[in-house]
Amino acid sequence: MAGTIRKVNVVGHQHPDTDSICSAISYAYLKSQVDPDTEYEARRAGAINRETAFVLQHFGFEEPRLITTATPQMKDVNYNKAGAIDRETSLYRAWNLMRDDRTSTLCIADEDGNLEGLIAVKDVANANMDILDSQIIGRSQTRFSNIIETLQGELVVGDPDGLVTTGSVIVGTSPEMMEDIIQKGDVVLTTNRYETQDYAVRAGASLLIVCNSARVSAVVREVAEERGCAIITTKFDTYAASRLITMSIPVRAKMLDADLVDRFSVNTAVEDAQKVVARTGHRFFPVLNEQGHYDGIVTSSDMIAPKKKHIILVDHNERSQAVYGLEQAEIMEIIDHHRIGSIETSNPVLFRNMPVGCTCTIVYDLFQENGVEIPTNIAGLMLSAILSDTLCFRSPTCTPRDVFVGKQLAKICGEDPETYADAMFDAGADLTGRTADEVFNSDFKVFSRGNIRFGVGQGSFMTESSRKAAEELVGPYLADGAAVNELPMVFYLFTDVKSQSSDMLYWGAAAEEVASRAFSTSPADGVAVLPGVVSRKKQVIPALMETLQRMQEEQE
Numbered sequence: 026m027a028g029t030i031r032k033v034n035v036v037g038h039q040h041p042d043t044d045s046i047c048s049a050i051s052y053a054y055l056k057s058q059v060d061p062d063t064e065y066e067a068r069r070a071g072a073i074n075r076e077t078a079f080v081l082q083h084f085g086f087e088e089p090r091l092i093t094t095a096t097p098q099m100k101d102v103n104y105n106k107a108g109a110i111d112r113e114t115s116l117y118r119a120w121n122l123m124r125d126d127r128t129s130t131l132c133i134a135d136e137d138g139n140l141e142g143l144i145a146v147k148d149v150a151n152a153n154m155d156i157l158d159s160q161i162i163g164r165s166q167t168r169f170s171n172i173i174e175t176l177q178g179e180l181v182v183g184d185p186d187g188l189v190t191t192g193s194v195i196v197g198t199s200p201e202m203m204e205d206i207i208q209k210g211d212v213v214l215t216t217n218r219y220e221t222q223d224y225a226v227r228a229g230a231s232l233l234i235v236c237n238s239a240r241v242s243a244v245v246r247e248v249a250e251e252r253g254c255a256i257i258t259t260k261f262d263t264y265a266a267s268r269l270i271t272m273s274i275p276v277r278a279k280m281l282d283a284d285l286v287d288r289f290s291v292n293t294a295v296e297d298a299q300k301v302v303a304r305t306g307h308r309f310f311p312v313l314n315e316q317g318h319y320d321g322i323v324t325s326s327d328m329i330a331p332k333k334k335h336i337i338l339v340d341h342n343e344r345s346q347a348v349y350g351l352e353q354a355e356i357m358e359i360i361d362h363h364r365i366g367s368i369e370t371s372n373p374v375l376f377r378n379m380p381v382g383c384t385c386t387i388v389y390d391l392f393q394e395n396g397v398e399i400p401t402n403i404a405g406l407m408l409s410a411i412l413s414d415t416l417c418f419r420s421p422t423c424t425p426r427d428v429f430v431g432k433q434l435a436k437i438c439g440e441d442p443e444t445y446a447d448a449m450f451d452a453g454a455d456l457t458g459r460t461a462d463e464v465f466n467s468d469f470k471v472f473s474r475g476n477i478r479f480g481v482g483q484g485s486f487m488t489e490s491s492r493k494a495a496e497e498l499v500g501p502y503l504a505d506g507a508a509v510n511e512l513p514m515v516f517y518l519f520t521d522v523k524s525q526s527s528d529m530l531y532w533g534a535a536a537e538e539v540a541s542r543a544f545s546t547s548p549a550d551g552v553a554v555l556p557g558v559v560s561r562k563k564q565v566i567p568a569l570m571e572t573l574q575r576m577q578e579e580q581e
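Residue numbers for the sequence shown follow this note's numbering, beginning at 26 and rising by one.
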């Protein structure tokens with residue numbers, strides 16, 4: 026298998042139903058027990074419906090995290106986790122960090138990790154070359170501590186947290202040459218001459234830098250303390266010190282402000298990031314974690330070969346039902362109970378496909394095969410999935426194996442299947458505060474036959490009144506649902522669990538003819554009444570597929 030496995034996402038289909046979510050959670054748990062060295066996480070590919078929400082709450086589970094794409098994201102890139110620097114860091118230290126880390130860009134962040142800016146090697150070089158800007162130290166509000174570090178100096182008088190706030194940088198040679206030149210607040214560089222040092226302090230300098238490791242007399246120190254002038258000694262001569270001192274200014278004075286910096290989230294798709302790289306021509310970009318805090322820095326070359334996401338698919342194997350970008354992921358396993366669909370893999374994978382009523386029935390068998398005990402809450406999830414998919418063992422898709430497994434799981438979790446199923450279906454049928462879009466997408470799947478794509482949704486209801494209410498809500502939305510999914514036709518089953526029948530609403534130019542021919546019925550007012558039809562998988566999809574195939578052949 027290509028690439029190092031960072032973690033494995035176990036995910037069901039888009040518009041997830043109860044089986045899709047519960048099988049993902051249950052199988053992720055099983056895999057974690059069998060392979061504890063790898064992280065397996067259940068994910069959801071869409072919003073959960075009310076039935077599933079009831080199930081999760083009943084057995085004490087949180088919703089799985091949403092996964093919107095299987096394409097490589099920045100979190101799948103081996104970017105540099107180099108720490109950010111503080112805005113008060115000197116250019117000198119930034120330069121040394123760039124040299125030591127062999128990078129040309131550093132990010133600046135505050136103590137909470139909020140990105141404040143970015144500084145590149147060219148910014149440091151430009152500052153170093155601007156030798157005529159004698160006021161940059163004061164204008165940048167430079168700390169004495171930065172100057173001490175840059176000049177490898179020693180503070181003789183003053184507070185290391187003090188600031189240079191005004192004035193220019195001047196090289197003092199003699200009192201005569203400095204007369205009328207030094208202004209209050211200037212930074213003056215001198216050597217060992219007592220007269221020059223004393224004059225500079227008395228003339229109002231805010232900082233005296235004594236070069237060549239020269240001695241500072243007690244008298245000069247005393248005067249400096251009285252007049253609030255700091256003194257730093259350095260081993261460098263006045264030429265070197267005058268060049269180096271510019272490098273003591275804080276990086277905030279030269280950084281590119283965060284508002285102007287292109288950055289990526291760990292969730293940014295690599296293909297989207299590469300478009301930004303191509304547009305801007307930049308090489309380095311900050312990466313922010315899911316909380317929006319600085320996490321590292323990525324280069325354009327880092328994005329060339331990102332790690333693929335590792336995916337286990339449950340409860341589907343249709344490309345049209347899978348999370349976006351699946352073709353760019355590494356599919357490891359498929360556990361499903363539907364017809365074999367259109368998903369292709371680049372490598373051989375474990376594909377467990379069985380003609381049973383629910384994916385969780387297969388997951389139960391896998392628990393048994395691996396000798397892993399099923400916890401009470403996991404058993405509750407798996408029972409819920411089986412009851413949902415088999416309509417409490419009433420669906421024609423239900424097999425003796427589903428019934429056996431369901432009863433075994435009921436013993437483990439302590440639920441009565443009939444009583445619990447009624448409560449679960451009632452929760453799913455509750456339309457209070459729900460929109461047509463929410464109900465439509467609570468269990469909707471896209472299928473294809475040849476070059477025709479169509480969608481089929483289904484809702485299960487315990488009472489006729491709740492079923493009729495759902496029909497009235499969703500019926501007018503069918504056209505919008507088709508448009509959102511770019512489908513020429515959609516069908517929606519409203520199934521009465523107890524009467525074992527369904528009303529099928531439909532939309533699309535050829536939908537009525539398809540419904541009529543598929544089920545040998547006479548639809549009226551956009552509704553086909555289908556007695557005895559409760560299974561989308563076994564009774565509806567095969568009939569629609571066969572009818573569409575015949576209609577295509579007739580047209581040819």
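Beta carbons are placed, not taken as given, at the ideal position from N, Cα and C, and that holds for glycine.
task: Determine the DSSP secondary structure at Q314, reduced to helix, strand or coil.
output: According to the sequence as given, residue 314 is Asn; it is not Gln. N314 sits in coil when the DSSP states are folded into three classes, being neither helix nor strand.
query: According to the Cβ coordinates, are D447 and M487 closer than 8 Å?
result: D447 places its beta carbon less than 8 Å from that of M487.
query: What three-state label does DSSP hand L157 in the structure shown?
result: Assignment of L157 by DSSP, reduced to helix, strand and coil, places it in the coil class.
query: Just curious, the beta strand (DSSP E) that A553 is in, first and last residue?
result: For A553, the enclosing beta strand (DSSP E) begins and ends at 552-556.
message: For a minimum of 4 consecutive residues, which ranges assigned as the alpha helix (DSSP H) are wholly contained in the stretch 267-313?
response: Taken in chain order, the unbroken stretches of alpha helix (DSSP H) that lie wholly in the stretch 267-313 and span 4 residues or more are 295-305.
- prompt: According to DSSP, which residues form a beta bridge with Y65?
  reply: Answer is V33.
message: Does the stretch 113-121 come into contact with the stretch 132-152, if we say contact requires no fewer than three beta-carbon pairs (one atom in each stretch) closer than 8 Å?
response: Counting Cβ pairs under 8 Å, three or more are found: they touch.
query: If you run the structure through DSSP and keep just helix, strand and coil, what is G28?
result: Any reading at G28 is ruled out, since the residue's pLDDT is 47, under 50, leaving its predicted position unreliable.
- prompt: To which residues of the same chain is I356 closer than 6 Å at the C-beta, ignoring the five residues directly before and after it?
  reply: Here the set comprises I336, T370, V374.
message: Helix, strand or coil, according to DSSP, for T167 in the structure here?
response: DSSP places T167 in strand when its eight states are reduced to three.
message: For the structure I just gave you, are there three or more beta carbon pairs, one from the stretch 293-312 and one from the stretch 94-103, closer than 8 Å?
response: Result yes; three or more Cβ-Cβ pairs closer than 8 Å.
- prompt: Under three-state DSSP, which class holds R227?
  reply: Of the three classes helix, strand and coil, the one that applies to R227 here is helix, per DSSP.
- prompt: When you compare only the Cα positions, how much space is there between Y590 and L140?
  reply: Given that the chain is displayed from residue 26 to residue 581, the structure contains no residue 590 and the question cannot be resolved.
Check whether R277 and L313 have beta carbons under 8 Å apart: It is not a contact, given that the beta carbons lie outside the stated cut-off.
- request: Run through the stretch 423-449 for me and flag every whole alpha helix (DSSP H) of 4 or more residues, listed as ranges in chain order.
  value: With a minimum length of 4 residues, the continuous alpha helix (DSSP H) runs that stay inside the stretch 423-449 are 425-438.
message: So, with DSSP's three-state summary, where would you put F479?
response: Note: F479 maps to strand in three-state DSSP.
message: Rounded to whole angstroms, what is the Cα-Cα separation between V212 and V189?
response: In a straight line, the C-alpha of V212 is about 8 Å away from that of V189.
- prompt: Going by DSSP, what residues sit across from C132 in a beta bridge?
  reply: Among the bridge pairs identified by DSSP, C132 is matched with L143.
- request: Using 10 angstroms around the beta-carbon of N151, count the other beta-carbons present and answer buried if the total reaches 16, otherwise exposed.
  value: N151 is exposed by the Cβ-count criterion.
task: Could you tell me if R561 is buried or exposed, where buried requires 16 or more neighbouring beta carbons within 10 angstroms of its beta carbon?
output: Under this definition R561 is a buried residue.
- prompt: Just reading off the alpha helix (DSSP H) that T401 is part of, what are its end residues?
  reply: Where T401 is concerned, the enclosing alpha helix (DSSP H) stretches over 401-414.
query: So which of V196, G557, E538, N342 has the shortest CA-CA distance to R575?
result: When each option's Cα is compared against that of R575, the closest is E538.
task: Put S541 into one of helix, strand or coil per three-state DSSP.
output: If DSSP states are grouped into helix, strand and coil, S541 belongs with the helices.
task: For the stretch 190-198 and the stretch 156-168, state whether three or more C-beta atom pairs, one from each stretch, are separated by less than 8 Å.
output: Cβ pair count under 8 Å is three or more, so yes.
Whole-angstrom C-beta distance between T263 and T216, which should lie under 8 Å: So it is a contact: roughly 6 Å between Cβ atoms.
- request: Report the three-state DSSP secondary structure of H83 (helix, strand or coil).
  value: Of the three classes helix, strand and coil, the one that applies to H83 here is helix, per DSSP.
query: Straight-line CA distance for M26 to S491?
result: The predicted position of M26 is uncertain, since its pLDDT is 39 and thus under 50; no value can be drawn from it.
query: Per DSSP, what kind of secondary structure is M203 in: helix, strand or coil?
result: Looking at M203 - three-state DSSP - the assignment turns out to be helix.
message: Quick check on the burial criterion: 16 or more other C-beta atoms within 10 angstroms. Buried or exposed for Q208?
response: Burial state of Q208 is exposed, judged by a 10 Å Cβ sphere holding fewer than 16 other Cβ atoms.
message: If I measure Cβ to Cβ from C47 and keep anything under 7 Å in the same chain, skipping five residues before and after, which residues do I get?
response: The beta carbon of C47 sits closer than 7 Å to the beta carbons of V80, C385, L406, M407, S409, A410 from its chain, once the five residues preceding and following it are set aside; these are given in chain order.
- request: Might you give, ordered along the chain, the residues of its own chain that have their beta carbon closer than 6 Å to the beta carbon of A67, omitting 5 neighbours on each side?
  value: The beta carbon of A67 sits closer than 6 Å to those of V35, A49, I50, A53, P89, all from its chain and outside the five residues before and after it, given in chain order.
query: Skipping 5 residues on each side, what residues in its chain have a beta carbon closer than 8 Å to that of N586?
result: Because the chain in this structure spans residues 26 to 581, residue 586 falls outside the shown range and cannot be described.
Cβ pair S473, S326 closer than 8 Å: It is not a contact, given that the beta carbons lie outside the stated cut-off.
- request: Leaving out five residues on either side along the sequence, give the residues of the same chain with a beta carbon under 7 Å from the beta carbon of L416.
  value: For L416, where only same-chain residues beyond five positions count, the Cβ hits under 7 Å are S485, V522, V559.
- prompt: Looking at M529 and F7, is the spacing between their C-beta atoms short of 8 Å?
  reply: As displayed, the chain neither begins before 26 nor continues past 581, which places residue 7 out of reach and without an answer.
- request: State yes or no: is the C-beta of L176 within less than 8 Å of the C-beta of I234?
  value: Yes, these two residues count as a Cβ contact at 8 Å.
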